[in-house]
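Undergrad: The structure under discussion is supplied below as structure tokens; questions concerning it will follow.
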Amino acid sequence: MKDLKQILAVGSIAYDSLDTPKGNRERILGGSCTYFSVAASHYAKTSIIGVVGNDFDNKSWSLFKEYNIDTECVEIADGPTFSWGGKYNSDYSQRDTLFTNLGVFEHFKPKINTNLKNPILYLGNIQPSLQLDVIKKVENPAIIAADSMNLWIDLFPKQVWELISKVDIFMLNDEEARQLTDETNLEKISEKFLSLGPKIVIIKMGGKGSLLAFKDKKHYVSVVPNTEVYDPTGAGDSFAGGVIGYIAKYGLDNPIEAVVHGSAVASYTVSGFGLEQLLKLNQKELNHRINQVSFR
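Using our numbering, you'd call the opening residue of the sequence shown number 1 and step up by one each time.
Shown next, in the form of structure tokens:
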């Protein structure tokens, strides 16, 4: 085992309201930073950077504490916590946003007041200018990983390209990868990203798994088969938490195994509402799911 690295993650912390074919939930804890950190905390000590409003309740703070997630860099601002509502159609192939209330997240400026030495830095899918700013402010990160999303690709494509050139691990989903590059072939897209500097590129393909590219290698990693989906919200973020958590614990020598862990962890997330199942994650069940993930 490598020296265990600590993780420093930045992203959104939110309250989600969900309408799915399996049921509804109102104002449950979510956000990219939340899903990522809970997943990663099963592997390594994780600290988060974010902002919440003065309506952020004790139950939510307690959850972070229970999972040993350091919230020293979470700012409490005057106003409401970011909230979002989404509705999934009958086969989960489409999600409609019902409302987005940015609240205090609208003016989020990451504040870094941590003494972490050489952390693994994970940049959740916030505005790329903020991601680039965090890279400048964190001292000697051991590894930098980043995600992005279609909104930022639409609005700030040049900054997304700049971000790719500054990270070691870059991940985004297949639709976003095609949107950013105007290319349809995912293997060619992964080569383009790798040519800019990242050591590892991961293109998430939803229920079809993911494409992992590193050096001159490409592998397709499956999802856990026959997983009953309740709520896909946060699946990509918890996938990232599994991947980066594994790397923090075991190092970069086996990226395939890291992505296998990401798939296994994400399967927990989708099999319940919000964080419900992810919070129940245990090593025995995780190992069982890891053994069901295949790659080629």
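Glycine included, C-beta positions come from ideal geometry on N, C-alpha and C.
Leaving aside the five residues before and after residue 194 along the sequence, list all residues of the same chain whose C-beta is less than 7 Å from its C-beta, in chain order.
TA: 201, 213
Undergrad: Closest to residue 71 by C-alpha separation, out of 199, 46, 165, 215, would be which residue?
TA: 46
Undergrad: If you drop the 5 nearest sequence neighbours on each side, which residues of the same chain put their C-beta closer than 7 Å to that of residue 39?
TA: 238, 241, 242, 245, 265, 278
Undergrad: Should residue 146 and residue 163 be called a contact, given that it needs their Cβ atoms to be closer than 9 Å?
TA: yes
Undergrad: Please report how far the alpha carbon of residue 18 lies from the alpha carbon of residue 141, in whole angstroms.
TA: 36 Å
Undergrad: Under the three-state reduction of DSSP, which class applies to residue 245: helix, strand or coil?
TA: It is helical.
Undergrad: Within 10 Å of its beta-carbon, does residue 98 have 16 or more other beta-carbons around it, so buried, or fewer, so exposed?
TA: Residue 98 is exposed by the Cβ-count criterion.
Undergrad: Cutting at 7 Å between CB atoms, please list the residues of its own chain near residue 186, excluding the five before and the five after it.
TA: Apart from sequence neighbours up to five positions away, the residues of its chain that approach residue 186 with a beta-carbon distance below 7 Å are 174, 177, 203, 211, ordered along the chain.
Undergrad: Does residue 291 come out as helix, strand or coil in the three-state DSSP assignment?
TA: coil
Undergrad: Taking the alpha carbon of residue 139 as the point to measure from, which residue in 156, 151, 149, 115 has its own alpha carbon closest?
TA: 115
Undergrad: Between residue 1 and residue 251, what straight-line distance do the alpha-carbon atoms span, to the nearest angstrom?
TA: The predicted position of residue 1 is uncertain, since its pLDDT is 48 and thus under 50; no value can be drawn from it.
Undergrad: Given this structure, state the Cα-to-Cα distance separating residue 111 from residue 236, to the nearest angstrom.
TA: Approximately 25 Å, taken between the alpha carbons.
Undergrad: At the level of alpha carbons, what is the spacing between residue 120 and residue 258?
TA: 14 Å
Undergrad: Mind checking residue 262: buried by the 16 CB within 10 Å criterion, or exposed?
TA: buried
Undergrad: Does DSSP put residue 206 in a helix, a strand or coil?
TA: helix
Undergrad: Just how far apart, CA to CA, sit residue 285 and residue 87?
TA: 29 Å
Undergrad: For residue 1, which three-state DSSP category applies?
TA: Because residue 1 sits at a pLDDT of 48, beneath the cut-off of 50, its placement in the model cannot be relied upon, and the point is left open.
Undergrad: Counting only the same chain and skipping the five closest in sequence on each side, list residues whose C-beta sits under 7 Å from that of residue 154.
TA: none
Undergrad: In angstroms, rounded to a whole number, what distance separates the CA positions of residue 172 and residue 230?
TA: 22 Å
Undergrad: So, under 8 Å CB-CB, residue 267 and residue 227 are touching, yes? Tell me the CB distance rounded to an integer number of Å.
TA: Contact between residue 267 and residue 227 holds: CB atoms are separated by about 5 Å, below the 8 Å threshold.
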